[in-house]
Structure formats: C-alpha cells, structure tokens
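Order-wise, the sequence lines are chains A and B. Under my numbering, the first residue of the first sequence carries the number 808, and numbering increases by one thereafter. Under my numbering, the first residue of the second sequence carries the number 808, and numbering increases by one thereafter. Glycine is no exception: its CB is placed at the ideal position from the N, C-alpha and C atoms. Data first, discussion second: the structure below is written as structure tokens.
2 protein chains.
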Amino acid sequence: MTIRTMESSSAASGGSTRREATRQKLYEAAVTLIAEQGFSATTVDEIAERAGVAKGTVYYNFASKSVLFEELLRHGVGLLTASLREAADRTAREGGSKVDALDAMIRAGLVFIDRYPAFTQLYVAELWRTNRTWQSTLMVVRQQAVAVVEGVLRDGVEGGEFSEEIDIPLTASALVGMVLVAALDWKSFQAERSLDDVHAALSRLLQGRVSGCR
Amino acid sequence: MTIRTMESSSAASGGSTRREATRQKLYEAAVTLIAEQGFSATTVDEIAERAGVAKGTVYYNFASKSVLFEELLRHGVGLLTASLREAADRTAREGGSKVDALDAMIRAGLVFIDRYPAFTQLYVAELWRTNRTWQSTLMVVRQQAVAVVEGVLRDGVEGGEFSEEIDIPLTASALVGMVLVAALDWKSFQAERSLDDVHAALSRLLQGRVSGCR
DNA sequence: GTTTTTGCACTGACCAGTCAGTTCAAATTC
DNA sequence: GAATTTGAACTGACTGGTCAGTGCAAAAAC
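Below is the structure:
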C-alpha cells in the first residue's frame, strides 16, 4: 500500500503546472489504448511509452493504474456533463421548447462523441460491469450525465409539453442509448458521414416522424 | 501446435454427447465471469472452477481462451438473431403493420436481455473495440442482427408506411441502442420493474407519443 | 534548492497453455 | 458373460513468460 498524500491540494482543477501537462499526456495515451484493448490488456509500460514518459513518471503522478483510470473517467464524464448542461441552458435562454432542448442535447452528445470517440467507447465498455473497483465512481458520474436529460424531461412534463405518462428515467436511458449507439456505429462503420446527417436522422426519430406520426 | 481433428464430425449441432454438455457448462461459466470482469481479467482457472471442470478440460474442448470466447459470441448472437427474425415473421403472418413488427422486435430484444443479461453486457463491452482478434467475428454477427431491423425498416419504406427520408442503417442502430441501453439500465439499476413496463415506455418513444405527436 | 522526471534493475504474484497420466463406458475377444 | 482392450474425455501439477509496482541515484526543469 503506497502512501500518496493529498492528490488535490495544490492545483486540483485546470492547473497549468508542468505536472498537469504530464497528466494530460497520460490521459490521452491511456484513453486510446484502453479503448482499443480494454483496461486489463493495457500495460502501464505501453501507456508510458505512448505518452512519451518514463514508467516511474506514471507512478509519480498516479497512485496506481486503477487510479489513473478512475480519474480519467471522472475527467471525461465531467466534460460531457458540462456540455449537455450548456446545451440545455442555451436552449432555455433562447426560449426554445423542451423538445428543442432534447434536440440540442442530442447534438451536444454527438459533438462530444465525435471529438472523444475513444473515451466514449471505453466508457460504454465499463458502464454495466459489476465487481470492478471503479464501479462506484462510474455510477456517480453516470448519474450526473443522465440527470441532465431527466431534468429536461421533468420540466417538459410539468410544463405540459410531454405526456404525463412517460417514465422519466427509462425514457432518459433510452434517449442516451439511441445517441450513444448510433454515434458509435457512425464512428465505427460509416465514419465519412457528416455530423449534421446523423443529427438529422436522430431528430426525426425523436420527433416520431419516422412512422408518419399518425 | 495441438492436433485437433474434425470438431464437427460426429454431432456438430445440438448433440447430446458428454462433450456438448461440458461445452455448455463452460459457456455458462465464461459468460458471467467475462461480463463481470472483462475478457482479459478473467482467468481460465476461474472459468474452469466455476464450470466445475479441470483446467485441462477447457483446453480439451477449445483451442484457446479466445476461441472459447469467439464461439460463445457466435452462439449468443445466433440466439438473438433467431428471436428477432421470429418476432418479425410472426407479426407479418398475423397481418400486423411494420410499426407492429418493430414493436414486437423491441419486445423480443427485451426478453432476450432479460434472459441473458450477462451475455448482452459482454457483447456491448466488446462491440466497438478495435484491434482484438475476434473483431471480425463480432462484426459479422452484429450485422446479422442489425440486418433484421433494417429489413423491416426497408419494407416499411417501400410499403409507404415509413417516410422515404429515413436513414435506414442509422435508424436501425438508434433503435437497437434505445433498447439495449434502456434494458441494461433496467437490469442494472431498477431490476424490480416488469418487462411490460419497460416495453410500454419504449413503445411510447417509438411511436413519438412522448412529445404529444403534434 | 525544490519539484519533477528519467532510466533501469528488480521482485513477486499471476496466468495461459502443456502434458503425462487417470478414468470409465463401450467394444472386442474368448 | 467374464476378461480384456480401446480411446475419448478429463485431470491437475508444472513451466515459461508477463506485468504491476518498487527503489533509487542522477539529471533536468523551474
């Protein structure tokens, strides 16, 4: 058991120290490797090599391989949550409806996945696992993101825009799933298509315009 | 290089030999362990122990750990595809519309995930990875399943039931994602809810009845 | 002069895959 | 029908390699 005192004392978030730059390089190296191969199949030596640092540096900056991964997860989902919230808020500010807000969040989700496909991949791969040390981190972080969608749905029901009958958590999950899977398939199997294209298809589905909306 | 003559001569499919029973036990042991921990983190010793056989038996029945996993994938997705196709065919036979067919397939998907949650979990975790030996197996098998959904969409467009504007592969992905993520969240976070409940929520979403269908 | 990084040798646990040997039910022989 | 043989199925101790994590002295960065 290594002693590693206070990870967060000096420059917890967004610091511009040298250390922060090294950590960023390590995140970037780890994210692609773990997305490709999975956590267990990725070695610390590989991560260090891809980041262009010595192995010792990894352990100078993170207590362990798992801790590196956990902080990576927190970091990534933090970005996503901020982006979703920003999309919802912007729509509200501009006086859009709640469907507009959902639509804006779909786009924000697509933009995120477009920019960080490896992170998304890795996140999906770990999300429903059990018995892993970082499970609780993952749950917390998931809830933060899903809560944004649920909030918009709740507001929509209260404002009379959505049916009272809808099941908020389940509908939120389903919407997230729709975007997630469509986007991952897009990136994996038809990477040449434009974001607007994908967004248009998902919008149509959201608004029930597939089956003519009888 | 071990010599392994004709795997399939005597009782290739559904045979009731002792060997077949052992393989089944190994599949069942492997699927839960790999779903929980991932492929690399799961040891062959663990699989053997949970299946109640000796390690050597694993290697008597499968050329390697990866081969065991690949055959497990093929086996599982085979079941899913058959079930989806059955749902689509049944609806057609009974004179249902294409929306009815999609709805029946959503239910078939939920039933499958309800029965084999571990398999689903493991499948999702591996699907978008790259650089793994079983990647091609996974792609083939994925396409079989998605093709069933695409087929129904295509028929629906031809028959005038769906808009000509829809993007078939993307919409199919999105529908699959909707069911997949909603169902995994259901199993992981609100396992007490009934299948009918979940199905109702997804039906509503499919038919655009969320936003009142203006 | 303090913080951070490097390079590298080392350890101990763990694990995929191997192989010589065992088991036992069915086939063969007498 | 009792004795013997066969071989597919199974066993588990063993091996060779891999990898997370350590330790530390010296260099570099600030």
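Decide if residue i is buried, meaning its Cβ has at least 16 other Cβ atoms within 10 Å, or exposed.
| i | result |
| --- | --- |
| B:N1025 | In this structure chain B extends from 808 to 1021, so residue 1025 of chain B is not present and cannot be described. |
| A:Q844 | buried |
| B:K905 | buried |
| B:D1003 | exposed |
| A:T824 | exposed |
| A:R897 | exposed |
| B:D852 | exposed |
| A:L886 | exposed |
| A:R922 | exposed |
| B:S871 | exposed |
| B:A861 | exposed |
| B:A828 | exposed |
| A:G963 | buried |
| B:M946 | exposed |
| A:Q950 | exposed |
| A:L1013 | buried |
| A:Q831 | exposed |
| A:A818 | In this prediction, A:A818 scores a pLDDT of 34, lower than 50, which makes its location untrustworthy; the coordinate-derived value is nonetheless stated afterwards. Exposed, since its Cβ has fewer than 16 Cβ neighbours within 10 Å. |
| B:R900 | exposed |
| A:S890 | buried |
| B:L1009 | buried |
| A:S980 | buried |
| B:G1015 | buried |
Between which two residues does the alpha helix (DSSP H) holding residue i run?
| i | result |
| --- | --- |
| B:A899 | K872 to R900 |
| B:Q928 | P924 to L934 |
| A:T850 | Counting along the chain, A:T850 falls outside any alpha helix (DSSP H), and DSSP gives it neither H nor E. |
| A:A861 | Where A:A861 is concerned, there is no enclosing alpha helix (DSSP H), given that its DSSP letter is neither H nor E. |
| B:S1010 | L1002 to L1013 |
| A:T829 | R825 to Q844 |
Give me the chain B residues within the contact set of residue i, using Cβ-Cβ distance strictly less than 7 angstroms, ordered along the chain.
| i | result |
| --- | --- |
| A:E843 | R936, T937 and N938 |
| A:G984 | G984, M985, L987, V988 and A989 |
| A:D974 | A1008 |
| A:S980 | V988, A989 and D992 |
| A:V838 | Simply none; closest approach about 13 angstroms. |
| A:S871 | Per Cβ cutoff of 7 angstroms: no residues; A:S871 is ~15 angstroms from chain B at best. |
| A:S995 | W935 |
| A:V1005 | L977 |
Please list the partners that residue i has in chain A, where partner means a Cβ-to-Cβ separation under 9 angstroms.
| i | result |
| --- | --- |
| B:F846 | G845, S847 and A848 |
Which chain B residues sit within Cβ distance under 8 angstroms of residue i?
| i | result |
| --- | --- |
| A:Q928 | W935 and R936 |
Name, please, each residue of chain B whose Cβ falls closer than 9 angstroms to the Cβ of residue i.
| i | result |
| --- | --- |
| A:A932 | G845, V931, A932, E933, L934, W935 and R936 |
Which parts of the stretch 962 to 997 of chain A are runs of the alpha helix (DSSP H), unbroken and 4 residues or longer, counting only runs that do not cross its ends? 975 to 996
Can we say the stretch 983 to 996 of chain B touches the stretch 933 to 947 of chain B, given the rule of at least three CB pairs closer than 8 angstroms? no
Are three or more beta carbon pairs between the stretch 948 to 963 of chain B and the stretch 975 to 986 of chain A nearer than 8 angstroms? no
Counting pairs of beta carbons, one from the stretch 873 to 887 of chain A and one from the stretch 926 to 938 of chain A, are three or more of them closer than 8 angstroms? yes
At least 3 beta-carbon pairs within less than 8 angstroms: the stretch 909 to 919 of chain B vs the stretch 863 to 870 of chain B: no
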